[in-house]
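Accompanying notes for the structure given below.
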Amino acid sequence: MNMQLIREQFPILHQDINGHPLIYLDSAATSQKPRSVIDAVKRYYEWDNANVHRGVHTLGSRATDAYEGAREKVAKFIHAASTQEIIFTRGTTASLNLVASSYARAVCGEGDEIVITPMEHHANLIPWQQVVKATGATLKYIPMQPDGTITIEDVEKTITNRTKIVSVTHVSNVLGTINPIKEITAIAHRHGAVMVVDGAQSAPHMKVDVQDLDCDFYAFSGHKMCAPTGIGVLYGKKALLESMEPIEFGGEMIDHVDLTDATWKELPWKFEGGTPIIAGAVGLGAAIDFLTEIGLDVIEEHEHKLSAYAYDRLLTLDDITIYGPVQNRSGLVTFNLGDVHPHDVATVLDTKGVAVRAGHHCCQPLMRWLNVSSTARASFYLYNTEEDVDRLVDALKQTGEFFGHAIG
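Heads up, the sequence shown is in the working numbering, so the first residue is 98 and it goes up one at a time.
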């Protein structure tokens, strides 16, 4: 992978922040956008802007072709069986809420179980809390090992014949843990449960084959994979999506309306009421083209090497605590620097041009499990280099010195 050529395609990276070249290490929050994606969205607005599925004029036809073409690219990208299984949403959060509100509330009742893990992002926790409050079901947690992983033995012990839904993140946005989704899905199905996967931190970074995983639902966001904000995807098996009722009603998603009732369009449009996120879908299609040309296997290998390098370099610092597994981790490193508050760490790093995330990362229960209030996180993507890691480590040394610590 030619890093110079790749980095040249990201205009935002070529600037100074506080007098230093920008080192962007916050791609788990949102990725930067390559020129091809920016140009695709710009071209749509300049040449094709029209509403979709409505007008018969040329602009309407071109906009519809671009929007539905993006759906075809998404289906191929995650190896869905059909474009009917691809629902465009605002993002991972909206996708998971759609499953919780439309599917889970219809199938769960008193005594049923929903199984998740303590490492879940709030987007894959709060919707299920609301489901159990509304239905009388029980929320259960697969226990975690001290290194932030889960074992198949504990999965087997937690999922029972009363379990209706299992919802697990593919990759933890804090720990970097890569969960064994295929194996968990097999256990869930053996007990008659439906498997939901939060793919926000996996779809941008590794090859995803939803048919091989055999998951029932898979949710992810465009903005974490070089696409614009505001566009996301819910994959669902066709039979399940057909059994579900829409939760938003209005134009575009209807088949027939009279004064007292209405019927819905076929999949996937029955879940896409109103004017959809057309430019976002166009950008997502362009992002998929960009990532596919480079190769998700190449991106994954690059990030794993970079994460391992960062882990080793950070361990050379005194008074550093790194969270999550040592092996088989995704492209991020979450840490704390002595007793310095993570927000202070991130603030000082920013003065050096290094952008990292600090806070609870929308994972407050996980923070309590780690016995901390917050952490700092450096997350990598295809445009990051070992030199970026070196800049991070050097800046952390200066941060420690600023707060009176001797670091490294």
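We treat Cβ as the ideally placed atom computed from N, Cα and C, and that holds for glycine.
Nearest CA to the CA of residue i: which residue from the options?
i    : options                   : result
M322 : D309, G382 and L403       : G382
D416 : G435, S404, R426 and Y406 : G435
F432 : G450, H457, N425 and T448 : H457
E397 : Y200, V293 and N425       : N425
Y478 : A126, R140 and V204       : A126
P240 : I223, V293 and P215       : P215
N270 : R488, M464, P243 and Y480 : M464
G377 : K402, R259 and V330       : V330
L310 : H286, K402, T326 and G327 : H286
G497 : N468, T444 and D485       : T444
A455 : A324, A473 and M303       : A473
L364 : A137, N146, Q181 and T161 : Q181
I328 : H399, N99, A167 and N115  : A167
H438 : F500, D409, K449 and A407 : F500
V442 : V423, W466, A475 and G421 : A475
A407 : I375, L467 and T482       : T482
V379 : Y164, T248 and I120       : Y164
L485 : Q227, S427 and E400       : Residue identity check: residue 485 is Asp in the sequence provided, not Leu. Of the listed residues, the one whose Cα sits closest to D485 is E400.
H117 : N468, P462, Y141 and L446 : L446
W466 : D244, E339, K367 and R488 : D244
E339 : W366, D487 and N146       : W366
T448 : R488, M341, L156 and P373 : R488
Q242 : K494, Y420 and H154       : Y420
Are the CB atoms of residue j and residue i within a distance shorter than 8 Å?
i    : j    : result
V490 : L411 : yes
Y332 : V307 : yes
A405 : V451 : no
K334 : D313 : yes
A295 : L193 : The question names Ala, but residue 295 is Asp in the sequence shown. The answer is yes: Cβ separation under 8 Å.
V204 : K261 : yes
D352 : K362 : yes
V263 : I175 : no
C460 : H267 : no
L222 : I213 : yes
I114 : Y480 : no
I256 : A290 : yes
I375 : A160 : yes
T248 : P422 : no
L110 : L119 : yes
M100 : I391 : no
M303 : L403 : no
E369 : I184 : yes
G206 : R259 : no
V228 : R202 : yes
V134 : A359 : no
Let's see if you can read the secondary structure: which residues bound the alpha helix (DSSP H) around residue i?
i    : result
H154 : From DSSP, H154 is part of no alpha helix (DSSP H); its letter is neither H nor E.
A231 : I223 to T232
T190 : T189 to L195
I419 : Run containing I419: none in the alpha helix (DSSP H); it sits in the beta strand (DSSP E), I417 to Y420.
I278 : I278 to R287
K254 : I249 to T255
Q461 : Q461 to L467
V423 : Neither: V423 is in no alpha helix (DSSP H) and is coded neither H nor E.
E217 : Taken as a continuous stretch (DSSP letters only), E217 belongs to no alpha helix (DSSP H), as it is neither H nor E.
Q495 : E483 to F499
V268 : V268 -> no alpha helix (DSSP H), and no H or E assigned at all.
S133 : R132 to R140
E398 : L393 to L411
D309 : V307 to L310
Based on the DSSP output, what are the partners of residue i in its beta bridges?
i    : result
I239 : According to DSSP, which records beta bridges pairwise, I239 is partnered with nothing at all.
A455 : A473
M292 : V263
T360 : H353
T186 : G329
Y53  : Because the chain in this structure spans residues 98 to 505, residue 53 falls outside the shown range and cannot be described.
T274 : R426
I114 : H117
Starting from residue i, trace the beta strand (DSSP E) both ways and give me its first and last residue.
i    : result
N433 : L429 to L434
D352 : I351 to V354
E210 : E210 to I213
V437 : Per DSSP, V437 belongs to no beta strand (DSSP E) and is neither H nor E.
V330 : G329 to G333
F107 : That residue, F107, is in no beta strand (DSSP E); it is neither H nor E in DSSP.
S318 : F314 to S318
Does the beta carbon of residue i sit closer than 8 Å to a beta carbon anywhere in chain C?
i    : result
I249 : Absence of chain C from the displayed structure is noted, only one protein chain being present.
Cβ contact check for the region 150-157 and the region 293-304: 3 or more pairs under 8 Å: no
Okay, do the region 275-282 and the region 241-256 touch, 3+ Cβ pairs below 8 Å being the bar? Output reads yes: the region 241-256 touches the region 275-282.
Given 8 Å as the limit, is there contact between the region 126-137 and the region 335-348, that is, 3 or more CB pairs closer than that? no
Could you check whether the region 268-278 touches the region 188-203, counting it as contact only if at least three pairs of C-beta atoms, one from each stretch, sit closer than 8 Å? no
May I ask you to verify whether the region 224-244 touches the region 372-387, counting CB pairs closer than 8 Å and requiring at least 3? no
Three-pair Cβ contact test at 8 Å for the region 175-190 versus the region 312-330: Contact annotation: the region 175-190 touches the region 312-330, with at least three C-beta pairs closer than 8 Å.
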